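Protein chains in written order, with our numbering: chain A, 1 to 231; chain B, 232 to 555; chain C, 556 to 1077. Where is the CB? At the ideal position from N, CA and C, for every residue including glycine. What you are looking at is a predicted structure, and each value in this text was computed from that prediction instead of being measured.
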Amino acid sequence: MLKLNNLSCSFDSFNTNFNIEIAHTGIIGVVGRSGSGKSTLLNLIAGFIQPQSGEIFYQNSFLNDLEPSQRDLSILFQNYNNFDHLNVFENVILGIDPQMKKTPSNYKITRDILKKLSLDIDIDTPVNLLSGGEQQRVSIARCLIRNKSMLLLDEPFNSLDPGLRRGLYEDVLMMTKKTPNLLTLISSHLIDELRKITNAFIFLHQGKIIGNKILSFKELSTNKFFKEYLK
Amino acid sequence: MNLKLLSIILFLPIQVLAKEELKVLTYGSFVSDWGPGPNIEKEFESICNCNLIWNTAKSSGALLSRIKLTKNNEGYDILLGLDDSLIKEAEENDLFLEHKIKEFNLDIDWDNKFFTPFDYGYFSFIYDQTKLSSPPQSFDELASRNDISLIIMDPRYSTPGLGLAKWINQIYQEDTVEYWKSLQDQIVITSKSWSDGYGLFLEGESDVVLSYTTSPAYHSLIEDNSNYQALNMIEGHAIQIEVMGILKNANNIELARNFLEFSLSENFQQYIPQGNWMYPVIDLQNSQSDFYSAAPKPKSLEQIFPSFSEKESWILNWAASLNE
Amino acid sequence: MNKFIRYMEAYSIRLPYILYIGTFFFIFISGIFFFIQAPDNFNFIILNYSNAIFFTFLQAIVATFFSSLLGFIFSLILYLSGKSQRLISAFLNFCFILPVIFVSFGVIFFYSSNGVLSKLFSLLSLDYELKIFSFIGIIYVTSYFNIAFNANFFFRKLVNLPENYIKLLKSNDIPFLTAVRLQIRKYLFQGYRSILILTIIFCASNFTILYLLSGSPHLVTIELSIYQSIIFNADLYSGITLGIIQLILMLVLASLIMFNQNYDQSLNFSKSCMRIFSKSSFISIGFYLILFYFLIPFLILIKGLFNFNLQLVLSPSFINSIFNSFMISFVSVSFAVSISLSTLFIYRSFLERNSRLHKLIFISITILLFIPSLSLSSIIFYLNFNLNFILSNFFIVSLINSFFITPIVFVFLSSKFIHNYFYEYKHCVLLNISPMIRIFKIDIPKIKNELILIISAIFVLSLGDLTSVTIFNDSSFRTIPLFISQLYNNYKYDDAFFILSLFIIFLFFVMYMPSRLLKINA
């Protein structure tokens, strides 16, 4: 379970105040206007931003004092999820071996995870020679081998074309199905695409979670802020 | 047999290491390949069973400065190449030991307990007679000849430059500054050392260069080129005596004293005429007749040994003419 | 325990920078301490040096004027010529870092009264009046490097002209030179202020050119006065005082650009057909004249290579000079690279934490660009003098060399090093990548190509330096430039040119082999 109690930090023209309990796993879409605090929420959970007040609990652990690397999660951003000058193998294996040792077992792990994601490329290829979609799959592969129970995706596919995005959303869906206890929070302003993979949403408005709970699309549709957002 | 060879090899470095060292600070041209230094080194090492190590300063003018600044921290035994105009300043700085040589049997008058002379010369101006057909014969004429370009040395940094300042001061006395001013327009280069200036003259940068009356002897005897001549000034020529002295905190005082004695012998002096292109301080007319014929002595002005403040006044007179 | 290891790793990476800062402050405070300790009879009369101070800035301003004007004009002609952009930029870079002694002797060889041009005039029965050991000679040689520097700046700007600018000009039938005057002037001169001030500083603190070409007591700068005070006058106090005056004046100039950190090293060669070039014969002639102008010093190679002297090459003094030069360069480059990487690491860590201290770090390194070498030498000479000369000449020259090449390395590597730092930092934190692994496995591979290129450039710069070694030398410690200078002073012109030719050919290979290898491996 992920629990946020009055999580507050300064943000542009307002202060956030996040309150929610997420008991279930699976995919949850984080939606809201630009500047509503989506990235801030994910960065707070990941530990890259320190809250001014409030608490974060996950699986009964108090996360506030934990470094990002000590939290049971992985995070991907819109861009720059790979080290461009390193190759596919190095970018993937970084997830479990910071030294990127070129051992047979590391090679096997890398090839296996790429196969799972239907990524048929030479693992010595420099990442900057791959297409945008392939690069994002490499970063997803790194997340997968880390075997964490929470995955935070901060608008990871927005810069890609619709076809590629669809494919990657399907990858996320497939990943979630194969990993039953995986909680995935995926933020995006492309709600129509998110609806294809989830019906559980957190809607943010001016730094607050509307309803302080997960809502279905139908429930959201009755909210006046959400209606304005859709216009 | 092998043991003998081995012991020779083993002992040889020790033999070498056991040799005393004599460190001499001098100016660059003295120890260049064509200077007297290499031959003098061979001669002295053959009799002293020691290693003679030369070290050089940028110019003769820099020699004393280096010792003053470092307090001979670099451990030299002898300073060779000091100008007679700097003797009093060197004595005033209490940097040298008495040489303890009782008698001088020299071609020049000498009486100083700290320094011994090793060569002397007369300042002059050198020109190429194929390019300058009617050379000036006096300082007044030189200053009036606007068609003649001149290279001199900086009196602050070079002993020939200082020598020129002395020379003009000796002739013009109270009118020294005025004379310098009249000469300034003709001076195209003021170099920092004699070798810089002379080289530029040879490259055609001027018609005339400050040097020594003996310089043409080099061209005629070595290059078989008699184009270069020295101006013969009716006022007379200032003399320069180069000296050497033992530094107070020398590591090897006895060896240094031996070197000073050696420098007054024919074994040293024989290399001065056609090595340093100056006159030896002992009479070598018989063995060096070619040199004496090629470099006849000019009319000499009186020898003077200025104090530090007197020397500085010559430089100030020159500097005053620059400000116009 | 893990945390302790992390801290130790982070501090060991920071150590070179800490040592550098410590040394810098130690030297700086020694300079201040010296003032307190100066003897009562020390009487520094600044009026005695007013000519040197005035001339320092007069020649700097005149040289800067010519460098910026001709640099701009040359860049236009080079751009419009349509010739290989990569080659032109590489050539201009090479001219900028040529050893001063090479260019000075090359200019003397061509322009002196017995030089190539004089002989040509003589053949045509014309009088040759030019005197190269004069103000003209000093300005000419100083401008040579800075014209290359300025031309390269403008040339890069032209090459990187946004494609839509070119489209607009072509579609509106606007002649290029008109566009330069009206439409794109602002773009071309963006960021030029830093270059201009750097040019003034380079011109004001040039020592070697004055050392070789100053033919008059009027033509003396502050740096030359420092040298003369120490070497000829045994006046260490005046030397240091002048050094501090020079330092203050340079820092005032430097403050005008200190906070402008916009050093964009990118140079994207235009591959598209969207280029502007001119088929005019004026541009063609101009191109070849510019090429000739920059190649004048290289005429020495013709004379030098025809005077092959094996005996000289095998002589102990030459071998000793080569050895000293290489060792100094190797040590200087090692110091410079380790200090730069350490500083980049700290600089980036402040950026990652959104701390403004990154600006202080930037200043603490780039300030070295503006500290004249002789000024630093005079203070270190004083320190060494008081420490009874315990520091060897070799160490001192290496240290001073490393001080002046470190900011070049730092500035050159910084933009690539900090590229994407924000996201990279997050990934490294999340993946628990230690500082050591980050710097050796991620950062250094990231900047590998740039590191190789800059190391070759600073190695060349260091090999060709003739500044601090003029003070810290003796008969057993000489470098190649000093060896060449001494050959020249002993009238061994053929030998001097021969060694100089070998030296330049070697520098060319050191400079360009790495870039060729990198291109092949790309």
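Asked	Found
Spell out the partners DSSP gives B:D359 in its beta bridges.	B:Y459
In three-state terms, what does DSSP make of A:E55?	strand
Return the CA-CA distance between C:V617 and C:I694, expressed in angstroms with no decimal places.	7 Å
Is the distance from the Cβ of C:I643 to the Cβ of C:I838 below 8 Å?	no
Compare the beta carbon distance of B:E252 and B:N483 with 8 Å and say whether it is the shorter of the two.	yes
Relative to the C-alpha of C:M991, which candidate in C:K558, C:A565 and C:Y747 has its C-alpha closest?	C:A565
Can you name the residues of chain B whose CB is closer than 9 Å to the CB of C:F944?	T301, N304 and E305
Find the residues of chain A that neighbour C:N987, judging by a C-beta separation of less than 9 Å, and give them in chain order.	E67, P68, S69, Q70 and P98
Using CA atoms only, rank isn't needed, just tell me which of C:L737, C:S884, C:V868 and C:G670 is closest to C:A1012.	C:S884
Taking the continuous alpha helix (DSSP H) assigned at B:Y502, which residues delimit it?	Counting along the chain, B:Y502 falls outside any alpha helix (DSSP H), and DSSP gives it neither H nor E.
Check whether the Cβ of B:S451 lies closer than 8 Å to any Cβ atom in chain C.	no
Nearest-angstrom Cα distance between A:N5 and A:E55?	5 Å
At the level of alpha carbons, what is the spacing between C:C828 and C:Y1067?	Confidence is the limiting factor: at C:C828 the pLDDT is only 45, short of 50, which leaves the residue's position unreliable and the question unanswerable from this model.
Pull up the distance between the alpha-carbon of A:L185 and that of C:S630, whole angstroms please.	54 Å
Given a threshold of 16 other Cβ atoms within 10 Å of its Cβ, counted over all protein chains shown, does C:F1063 qualify as buried or as exposed?	exposed
Any idea if A:T103 is buried or exposed, counting beta-carbon neighbours within 10 angstroms, 16 or more meaning buried?	exposed
Would B:V419 be called buried (16 or more neighbouring beta carbons within 10 Å of its own) or exposed?	buried
Check the Cβ-Cβ distances between B:P537 and every residue of chain C, and say whether any is below 8 Å.	no
Should C:F581 be labelled buried (16 or more other beta-carbon atoms within 10 Å of its own) or exposed?	exposed
Let me confirm a value: C:K1003 is counted as buried when at least 16 other C-beta atoms fall within 10 Å, else exposed. Which label applies?	exposed
Who are the neighbours of C:F787 on chain B, taking C-beta pairs under 7 Å?	G292, A293, S296, R387 and Y388
Using CA atoms only, rank isn't needed, just tell me which of A:Q52, A:L7 and A:K196 is closest to A:R166.	A:K196
For C:L791, return the contacting residues in chain B, with the cut-off set at a CB-CB distance below 7 Å.	L300
Check whether the region 495-504 of chain B and the region 309-323 of chain B touch, using three or more Cβ-Cβ pairs below 8 Å as the test.	no
Any beta carbon of chain A sitting closer than 8 Å to that of C:E979?	yes
Taking Cβ-Cβ distances below 7 Å as the criterion, which residues of the region 997-1014 of chain C are in contact with chain A?	I997, P1000 and K1001
Please look up how many angstroms separate the CB atoms of B:A293 and C:I781, rounded, as I've assumed it's under 8 Å.	Not quite, the Cβ-Cβ distance comes to about 14 Å (not below 8 Å), so this is no contact.
If you reduce the DSSP assignment to three classes, tell me which class A:L63 lands in.	coil
Compute the Euclidean distance between the alpha carbons of A:I109 and A:I145, then round it to the nearest angstrom.	8 Å
Just to make sure I have the definition right: I need the residues of chain C whose C-beta is within less than 7 Å of the C-beta of A:L94. Which are they?	L986
Cβ closer than 9 Å: which chain C residues qualify as neighbours of A:F83?	N975, E979, H982, I997, P1000 and K1001
Hey, how far is the Cα of C:I840 from the Cα of C:V662?	22 Å
Can you confirm whether A:L86, when its beta carbon is compared against all beta carbons of chain C, has any partner nearer than 8 Å?	yes
Could you please give the first and the last residue of the uninterrupted beta strand (DSSP E) stretch that includes A:F18?	F18 to I22
Any Cβ of chain A within less than 8 Å of the Cβ of C:I721?	no
Taking C-beta pairs closer than 7 Å, name the residues in chain C that B:S263 reaches, listed in chain order.	N1045
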